[in-house]
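The numbering used here applies: residue 374 is where the sequence shown begins, and numbers increase by one.
For each residue, glycine too, the CB sits at the ideal point set by N, CA and C.
Since the model is a prediction, treat every value here as computed from it, not as a measurement.
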Amino acid sequence: MKLAEKLHDSAGIAQAHWNFGNFYDRIEELDKSFYHFSKAAKIYDDIGNDFYSGRLLYNMSRIQKDKKDYTGAEITSFQSISKFDKQKHQYNLYLSYNNLGVIYSYLKEFNKSTESHNKALIYLEDIKDKWNFKEISLNNIGLALQKKGDNKEAIKNFEKALKNDSLKVKNRALYARLYDNLTYSKFLLNKNANLESEFLKALKIRDSMNNISGIALSKLHLSEYYAFKQDTTKAITFAQDAHDLALSVNNHRDQLAALKLLSKLDTPNSSTYLTKYVTLNDSLQSEERAIRNKFTRIRFETDQFIEQTEKLSLEKKLISLIGFVLILLLGASIFIIRQKFKNRKLLLEQEQQKDKEQIYNLMLEQQSKLEEGKIQERTRISEELHDHILGSMYGIRMKLGFLDLQGSDETKDKFNEYLDEFMQAEKEIRDISHRLQSNTQRSESNFIATIKTYLDNINIDQLMNVEIVYDKGINWNTIDTEVKIDIFRIIQESYMNTLKHSKATEFKVICSQTEDVLKIEIIDNGIGFNVTKSSKGIGFKNMNKRVNRFGGKLIITSEPSVGTKVIITLDNN
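In structure tokens form, the structure reads like this:
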């Protein structure tokens, strides 16, 4: 690249960036790969090479799709299509429309997805070396229809692709994928159907090829199948295998799916799996958000450079009126795209909120079952002590009291002493029975138990001394679920901030109430921070947003070497 730059060889510089992009793509450092592809695409666009520019835009769209920047991927894909349209290059148009179809499927725009895949098949007709592209497109159409819920049509597409018998020998991975997808659609269409052998056939093929991601997906499908057949042991085993396999190859999609499935199947460990799911999902979202922001900055810098070049060109040609119109059109396009992006972002946030509520409700339900079991066992033991054992002891004592003892006065005194001790034992057992009954009434709320479970699980290495102090008179059942979810998330955010930044040894949550106000205090003894500077961060904004949502007040104070205190207050009514 240095030699090309020294010689002012634009094509050479672009080729060097392309090579760097391919290298980073292979080792999966996708942000660096995107940067170099973007640089190369810009240079080829400047020198009028639409074909190479289009190929690079296709690569950029593919990377954006893999990192879940679906809106950005859609825009970049259309840009690559516009380049190939000028060339009428059928093969690259096929690839671009196939990629666009997959993007629309992730965006849940299934009609647009199938339409794009069908366009791809039209361009495929004019390609001499078709390889297995037709079967790949039919599989993608089938998956879009499967996600849409139209499994009858999905089955038709999978079966059409499987008519190519050569797949069994020449492309066994694609054959196994099609066969597994076909079987899964049949299962979704009729869950009572006996499909075990079909699922196992696909698994066997993938296993013989050591296709780890494929094996994980097959085992997920088998877990769902056995769960419906009420074979919980097999369902849990296959789900655990799927999770471990997905983890070994960093297949986060199937890893999350396995954790979610295990939280429903493995009831005793449900809370553990849910916590792992939330932790992994939050981590992935943060990572993907950071990479999407990098993509945006790279494209923005490129767009700025293009805009400056266009302005200079327009000034030289003295056609400022046309330039003004172009800028207006560009602004309108950006506004429309941003509006579309905002709408999609809002929809995604709503879906995430629903998922969070479902996860929290599952955690509450699990905690409720545990509490119910504790109460039932305490009540049973209390009743057994009071009604059976005390009754028996009382009867024995009465019988002993009526005995006509013969012997010395000393013997009679000893006997009466033992009777008194026997009566004292009865009293102690009665007290234990009453305490057990009393404890069943004072069992802590599901909400407090959920917070304890979360903090215990995440503080498994005992990095801090974690304490929860709460007013047992607070009736959490009268507080709206969404408010409790927001409070839970604020505690979660505060704990993670403390763990990452504060070097604290103690973390404390205090829940108290007066007649009119419920108060939550979150306290640590860390190094503190500058509240004014940090108030513009995403975490603080999210906390304020949550508190404002339920009409509460948020106060955050922090002192160096003293620690940080987060106070939430809300009206009891």
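With 16 other Cβ atoms within 10 Å as the buried cut-off, status of residue i
i	result
I707	exposed
V882	buried
G421	exposed
L429	buried
I679	Model confidence at I679 stands at a pLDDT of 48, short of 50, so the residue's coordinates are unreliable; what they give is reported in the following sentence. Exposed: under 16 other Cβ atoms inside 10 Å.
M837	buried
M771	exposed
K785	exposed
R919	buried
Y767	exposed
N898	buried
T640	exposed
L635	buried
As assigned by DSSP and simplified to three states, the class of residue i
i	result
K541	helix
F601	helix
E879	strand
T955	What is shown of the chain runs 374 to 946, which leaves residue 955 out entirely.
T887	coil
E894	strand
K715	helix
N422	coil
M796	helix
M582	coil
K440	coil
F506	helix
D967	With the chain running from 374 to 946 in the structure shown, residue 967 is simply not present.
G474	helix
L480	coil
D616	A small fix is needed here, since residue 616 is His in this sequence, not Asp. Correct three-state label for H616: helix.
E661	helix
S411	helix
L380	coil
N848	coil
Rounded C-alpha distance that separates residue i from residue j
i	j	result
D660	L828	A small correction: the amino acid at residue 660 is Glu; Asp does not occupy that position in the sequence shown. For E660 and L828, the distance between alpha carbons rounds to 23 Å.
L468	K592	30 Å
D458	Y548	32 Å
F923	T887	18 Å
N524	L466	28 Å
N471	G427	15 Å
T851	F820	11 Å
D834	K873	14 Å
R815	K559	In this prediction, R815 has a pLDDT of 44, which is less than 50 and means its spatial position is unreliable; nothing more can be read from the coordinates.
G925	I858	14 Å
V904	I896	15 Å
N530	T669	37 Å
I754	L629	41 Å
L518	Y552	16 Å
S934	I448	49 Å
F913	V698	41 Å
E401	F572	31 Å
E597	L590	11 Å
S383	I416	7 Å
K412	Y431	14 Å
Y425	S450	14 Å
Bounding residues of the alpha helix (DSSP H) (the contiguous stretch that carries residue i)
i	result
G394	383-399
G936	Per DSSP, G936 belongs to no alpha helix (DSSP H); it is in the beta strand (DSSP E), 936-944.
N832	No alpha helix (DSSP H) holds N832; DSSP gives it neither H nor E.
E488	483-497
I526	Correcting the residue type first, residue 526 is Glu in the shown sequence and not Ile. Looking at the DSSP string, the run of the alpha helix (DSSP H) that includes E526 is 524-535.
K906	904-907
V920	911-922
S765	763-774
K633	625-638
Beta-carbon gap between residue i and residue j smaller than 8 Å
i	j	result
L891	I847	yes
L576	H625	no
S486	Y496	no
S455	A446	no
G394	H381	no
S489	G474	yes
C884	D844	yes
K533	L511	yes
S406	I386	no
I578	L555	no
Q463	I500	yes
Closer than 8 Å to chain C by CB, residue i
i	result
N898	The structure shown has no chain C; it contains just one protein chain.
Continuous beta strand (DSSP E) stretch holding residue i: start and end
i	result
K564	Per DSSP, K564 belongs to no beta strand (DSSP E) and is neither H nor E.
E932	926-932
N838	838-843
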